[in-house]
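Quick note on UniProt numbering: the sequence shown kicks off at 1 and runs consecutively.
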Amino acid sequence: MNFVLRPHLVDRSRSFPVGSVHPGFQPRIAARDVPLLAVEAVSLWFGGTVALDAVDLSVRAGEIHAVIGPNGAGKSSLINVISGLYRPDSGSIRIGEDRFARVPTRRLARLGVARTFQNLALFRGLTVFETVTTGLVDRISAGLGAQILGLPQARCEARALRERAEAVIALLDLDEYRNRLAGTLPYGVQKRVELARALAPMPRLLLLDEPMAGMTATEKQRMSDDIRAVRDATGATIVLIEHDVGVVMSLSDSVTVLDHGQRIAFGAPREIQANPAVIAAYLGATADEVAA
1 MNFVLRPHLV DRSRSFPVGS VHPGFQPRIA ARDVPLLAVE AVSLWFGGTV
51 ALDAVDLSVR AGEIHAVIGP NGAGKSSLIN VISGLYRPDS GSIRIGEDRF
101 ARVPTRRLAR LGVARTFQNL ALFRGLTVFE TVTTGLVDRI SAGLGAQILG
151 LPQARCEARA LRERAEAVIA LLDLDEYRNR LAGTLPYGVQ KRVELARALA
201 PMPRLLLLDE PMAGMTATEK QRMSDDIRAV RDATGATIVL IEHDVGVVMS
251 LSDSVTVLDH GQRIAFGAPR EIQANPAVIA AYLGATADEV AA
C-alpha cells in the first residue's frame, strides 16, 4: 500500500472515526472488511521448547490489535515470525495477498511492513528529523550520481521525502524536538521518535514490540494517543505487544491472548476481560477455579 502525503493537511486537533483516513495520508487501497494479516497454524520450536503451538491470528485492515500474555507466553516470538526474523517450523503468514512460510525481511518495506523493537535502537548522534528520515532509506530510487549532481529527479525525490518526514513529525507532535539529538531526549520522547521512524515509510502494517515498556503513566497515555493518531491518520493496521492490560483494553479494537505458546483467547477487549482462561493465565488459577 502506498500513501500520498500532504503534510499541510496534517492536523492532530481533528478527530477521525475508525474507518476513515486522514486526508494528509491517503491510502490507495483501503479495504477494511478483510484481514490484512493472517497467521495460520504457526508453530515454532527452540530445541525442545515450544515457543508457539499452532497459533492462529487474523487482523482486519485498519485495526489496532494487541497481543498479550504472561512472560514467556510467546508474544515476542510471534511478532518476530510475522516480521521474518524467525522462520516457523510449520504454518504460514499472509500479508495482504502474499503468503509466506517465512516472511522475507529484505522485502518488508515493499510489503508495507515496519516494526519497532523492545529495546531502543536510535542513532544517538542524529537529530530527530535525521532519525525519522533514516526510515525512508528504502524509498530512495535516485542513484548516487544523480544525488551528487543534484539532478531534477534526485531533487524532487529529496523534497518529497523531506515533506514526508515533516508530516510524520507534525502528526506525532515532535516539532519542538526536530533539531535536537535523539540521544539527549527523555526516554518517553525517544520511544515516540522510534515510532515516527517506523511510520516514515507509511507502512500498511505496523508492528510495535512493547512500545510502552518502562514508561510512566503519563508517557503511556501520550503513546496511546500517538498510536491512535497514526491509525486514524494513515489507515494503517497496527499489531502491538503490551504488558499493561489497562492500556490494551482502552486502546485496542481486538486482542489475542497467548499462554505457553498457545492462543487461549481472541476477541474484543470487553470479552477478553471477562474470559476465565485469561484471568487464570494472569492470576495463576485454573480456568475452572476462576469460573466457579
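By construction, the Cβ of each residue, glycine as well, lies at the ideal position given by its N, Cα and C atoms.
Check: For Gly143, is the classification buried or exposed, using 16 other Cβ atoms within 10 angstroms of its Cβ as the cut-off for buried?
Finding: By one-based count along the sequence shown, residue 143 stands at place 143. In this prediction, Gly143 has a pLDDT of 48, which is less than 50 and means its spatial position is unreliable; what the coordinates show is noted afterwards. For Gly143, the number of other beta carbons within 10 angstroms of its own is below 16, and it is reported as exposed.
Margin query: Considering only DSSP beta bridges, list what Arg263 is partnered with.
Written below: Along the sequence shown, one-based indexing puts residue 263 at 263. In DSSP, Arg263 forms a bridge with Leu258.
Next item on the list: Could you name the residues of the same chain whose beta carbon sits closer than 6 Å to that of Thr105, not counting the 5 residues immediately before and after it, in chain order?
Entry: The residue labelled residue 105 in the question sits at position 105 within the sequence shown. Only residues of its own chain outside the window of five on either side were considered, and among them Gly84 have a CB closer than 6 Å to the CB of Thr105, listed in chain order.
Check: CA-CA distance, Met202 and Thr116?
Finding: Here the question's residue 202 lines up with position 202 in the sequence shown. Here the question's residue 116 lines up with position 116 in the sequence shown. Spanning the alpha carbons of Met202 and Thr116 requires a straight line of approximately 14 Å.
Next item on the list: Return the CA-CA distance between Ala109 and Arg102, expressed in angstroms with no decimal places.
Entry: On the sequence shown, residue 109 is found 109 positions in, with the first residue counted as 1. On the sequence shown, residue 102 is found 102 positions in, with the first residue counted as 1. So the two alpha carbons sit approximately 15 Å from each other.
Check: Considering only the beta carbon of each residue, do Thr237 and Leu205 sit closer than 8 Å?
Finding: Counting from 1 along the sequence shown, the entry for residue 237 is found at position 237. Counting from 1 along the sequence shown, the entry for residue 205 is found at position 205. Taking 8 Å as the Cβ cut-off, Thr237 and Leu205 qualify as a contacting pair.
Checklist line | C-beta atoms of Leu122 and Gly183 nearer than 8 Å | finding: Residue 122 sits at position 122 when you count from the first residue of the sequence shown. Residue 183 sits at position 183 when you count from the first residue of the sequence shown. The answer is yes: Cβ separation under 8 Å.
Notebook entry, point to check: When DSSP builds the beta bridges, which residues end up paired with Glu40?
Noted result: The count along the sequence shown starts at 1 and reaches residue 40 at position 40. Glu40 pairs with Ser92.
Check: Leu258: which of Ala213, Lys75, Arg180, Lys220 sits nearest, CA to CA?
Finding: Position 258 of the sequence shown, counting from 1, holds the residue named residue 258. Of Ala213, Lys75, Arg180, Lys220, the residue nearest in Cα terms is Lys75.
Note to self: If you follow the beta strand (DSSP E) that Asp226 is in, where does it begin and where does it stop?
What the structure shows: Here residue 226 refers to the residue found at position 226 of the sequence shown. Run containing Asp226: none in the beta strand (DSSP E); it sits in the alpha helix (DSSP H), 217-234.
Notebook entry, point to check: By how many angstroms is the C-alpha of Arg197 removed from the C-alpha of Thr134?
Noted result: Mapped onto the sequence shown, residue 134 falls at position 134. Mapped onto the sequence shown, residue 197 falls at position 197. If I take the Cα positions, the gap works out to 7 Å.
Notebook entry, point to check: Which word fits Arg14, buried or exposed, when buried means at least 16 other C-beta atoms lie within 10 angstroms of its C-beta?
Noted result: The sequence position of residue 14 within the sequence shown is 14, counting from 1. Because Arg14 sits at a pLDDT of 39, beneath the cut-off of 50, its placement in the model cannot be relied upon, and the following sentence gives the value as read from the coordinates. Exposed, by the Cβ-count rule.
Next item on the list: Measure the alpha-carbon distance for Arg162 versus Leu185 and round it to whole angstroms.
Entry: Here the question's residue 162 lines up with position 162 in the sequence shown. Here the question's residue 185 lines up with position 185 in the sequence shown. Cα to Cα, Arg162 sits roughly 22 Å from Leu185.
Checklist line | Bridge-paired residues (DSSP) for Asp209 | finding: Along the sequence shown, read from residue 1 onward, the residue named residue 209 stands at position 209. Bridge partners of Asp209 according to DSSP: Ile241.
Check: By a C-beta neighbour count over all protein chains shown, 10 Å radius and 16 as the cutoff for buried, is Ser250 buried or exposed?
Finding: Within the sequence shown, the letter at position 250 stands for residue 250. For Ser250, the number of other beta carbons within 10 angstroms of its own is below 16, and it is reported as exposed.
Item checked: Where Ser77 sits in the DSSP three-state scheme -> Walking along the sequence shown from the start, residue 77 turns up at place 77. Looking at Ser77 - three-state DSSP - the assignment turns out to be helix.
Margin query: Taking the beta strand (DSSP E) that Thr131 belongs to, which residues open and close that run?
Written below: Position 131 of the sequence shown holds residue 131. It is not in any beta strand (DSSP E) - Thr131 instead sits in the alpha helix (DSSP H) that spans 128-134.
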